[in-house]
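Chemist:
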Amino acid sequence: MNFLAHAFLSFNEEKILVGNFIADFVKGKQIKDFEEDIISGILLHREIDYFTDSHPLVKAGQSYLRPKFGHYSTVITDIFFDYFLIKNWKNYSSVPVEDFIQRTYSILDGYEDIFPERFAKMYYWMRNDNWLLHYGTVEGIRRSLTGMSKRTTFNSKMEEAHLALLEREAEFEVIFFAFFKDLETFAYGKLLELHKAHDRH
Numbered sequence: 001m002n003f004l005a006h007a008f009l010s011f012n013e014e015k016i017l018v019g020n021f022i023a024d025f026v027k028g029k030q031i032k033d034f035e036e037d038i039i040s041g042i043l044l045h046r047e048i049d050y051f052t053d054s055h056p057l058v059k060a061g062q063s064y065l066r067p068k069f070g071h072y073s074t075v076i077t078d079i080f081f082d083y084f085l086i087k088n089w090k091n092y093s094s095v096p097v098e099d100f101i102q103r104t105y106s107i108l109d110g111y112e113d114i115f116p117e118r119f120a121k122m123y124y125w126m127r128n129d130n131w132l133l134h135y136g137t138v139e140g141i142r143r144s145l146t147g148m149s150k151r152t153t154f155n156s157k158m159e160e161a162h163l164a165l166l167e168r169e170a171e172f173e174v175i176f177f178a179f180f181k182d183l184e185t186f187a188y189g190k191l192l193e194l195h196k197a198h199d200r201h
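At position 92 of the sequence shown (counting the first as 1) the number is 92 in the UniProt record's numbering, and the numbers step up by one without a gap.
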């Protein structure tokens with residue numbers, strides 16, 4: 001999943017949120033450098049990504065994209081899901097999405113001293129350009145995926161992926177609704193497991 005979904009699936013726990021955001025930038029034994037709740041956020045992020053990548057509904061959505069975009073289909077569906085999360089935000093939260101996003105940035109700002117270096121560099125641009133909110137528009141998705149395309153070694157064609165969203169928006173939205181319900185249930189259950197595991201230590 002992409003960043004906004006990971007923020008939402010932190011269930012209003014600050015240190016879980018921080019771990020959820022830095023997880024992809026924490027490698028190997030580096031995880032031991034963080035306190036328990038941030039480690040739980042890192043582990044939750046990884047569980048969410050594994051659940052997402054192996055879910056049959058997600059695979060069905062990626063099947064539309066794979067002939068043209070190959071293994072980049074995974075990145076594209078992650079961003080599409082943030083688009084649908086913003087579009088349907090009122091179904092999931094009573095807090096306006098703009099307020100939720102600003103609160104997310106404010107929380108992360110308080111932990112900048114522990115950010116992995118690569119995440120810190122990316123976060124500067126994420127916050128300045130408000131990536132989290134821009135995933136909610138087709139133009140924002142186009143800019144984001146075009147930027148990613150420029151950084152890939154191979155011709156990913158990701159700069160054209162927003163056209164697939166426009167072409168099959170209704171189908172992707174049906175997949176999102178069904179999948180995200182499963183994901184929210186899974187993520188909350190996994191977070192409870194992680195807390196219980198720490199309580200036993």
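Beta carbons are placed, not taken as given, at the ideal position from N, Cα and C, and that holds for glycine.
Would you tell me roughly how many angstroms separate the C-alpha atoms of VAL174 and LEU57, rounded to the nearest one?
Modeler: So the alpha carbons of these two residues sit roughly 10 Å apart.
Chemist: I'd like to know if the region 75–88 and the region 57–66 are in contact, where contact means that at least 3 CB-CB pairs between them fall below 8 Å.
Modeler: Yes: the two stretches touch, three or more of their Cβ pairs being nearer than 8 Å.
Chemist: Ends of the alpha helix (DSSP H) at ASN128?
Modeler: Taken as a continuous stretch (DSSP letters only), the alpha helix (DSSP H) holding ASN128 covers 117–128.
Chemist: Looking at the structure shown, is MET148 part of a helix, part of a strand, or coil, going by DSSP?
Modeler: The answer is helix: DSSP assigns MET148 an H, G or I state.
Chemist: Under a three-way DSSP split, which group does SER54 fall into?
Modeler: It is helical.
Chemist: Should HIS71 go down as buried or exposed, given a rule of 16 or more other Cβ atoms within 10 Å for buried?
Modeler: So HIS71 counts as exposed.
Chemist: Residue 215 by DSSP, collapsed to three states: which one?
Modeler: In the structure as shown, the chain starts at 1 and stops at 201, and residue 215 therefore has no counterpart that could be examined.
Chemist: Identify every run of the alpha helix (DSSP H) within the region 32–114, keeping only runs that are complete inside it and at least 4 residues long; order them along the chain.
Modeler: Qualifying alpha helix (DSSP H) stretches, in chain order: 36–54, 56–69, 73–87 and 97–109.
Chemist: Beta-carbon within less than 6 Å of ILE86's beta-carbon, same chain only, minus the 5 sequence neighbours each way: which residues are those?
Modeler: The answer, listed in chain order, is VAL97 and GLY136.
Chemist: Looking at C-alpha atoms only, which residue of VAL75, GLU14, ASP24 and ASN12 is the closest neighbour of ARG118?
Modeler: For the residues VAL75, GLU14, ASP24 and ASN12, the minimum Cα distance to ARG118 belongs to ASP24.
Chemist: Looking at C-alpha atoms only, which residue of ASP37, SER93 and VAL26 is the closest neighbour of ASP199?
Modeler: Checking every option, the nearest Cα to that of ASP199 belongs to ASP37.
Chemist: Measuring straight from C-alpha to C-alpha, what distance separates HIS89 and ASP113?
Modeler: The amino acid at residue 89 is misidentified as His; the sequence shows Trp. Whole-angstrom Cα-Cα distance: 31 Å.
Chemist: State yes or no: is the C-beta of LEU108 within less than 8 Å of the C-beta of TYR123?
Modeler: Taking 8 Å as the Cβ cut-off, LEU108 and TYR123 qualify as a contacting pair.
Chemist: Residues in the same chain with beta-carbon distance under 6 Å from PHE84, minus the five sequence neighbours each way, listed in chain order, please.
Modeler: Around PHE84: GLU173 and PHE176.
Chemist: Taking C-beta to C-beta, are TYR105 and ARG127 nearer than 8 Å?
Modeler: For TYR105 and ARG127, yes; Cβs fall inside 8 Å.
Chemist: Just reading off the alpha helix (DSSP H) that LEU132 is part of, what are its end residues?
Modeler: Looking at the DSSP string, the run of the alpha helix (DSSP H) that includes LEU132 is 131–134.
Chemist: Can you tell me which of GLU160, HIS6 and ARG151 puts its alpha carbon nearest to the alpha carbon of ILE48?
Modeler: When each option's Cα is compared against that of ILE48, the closest is HIS6.
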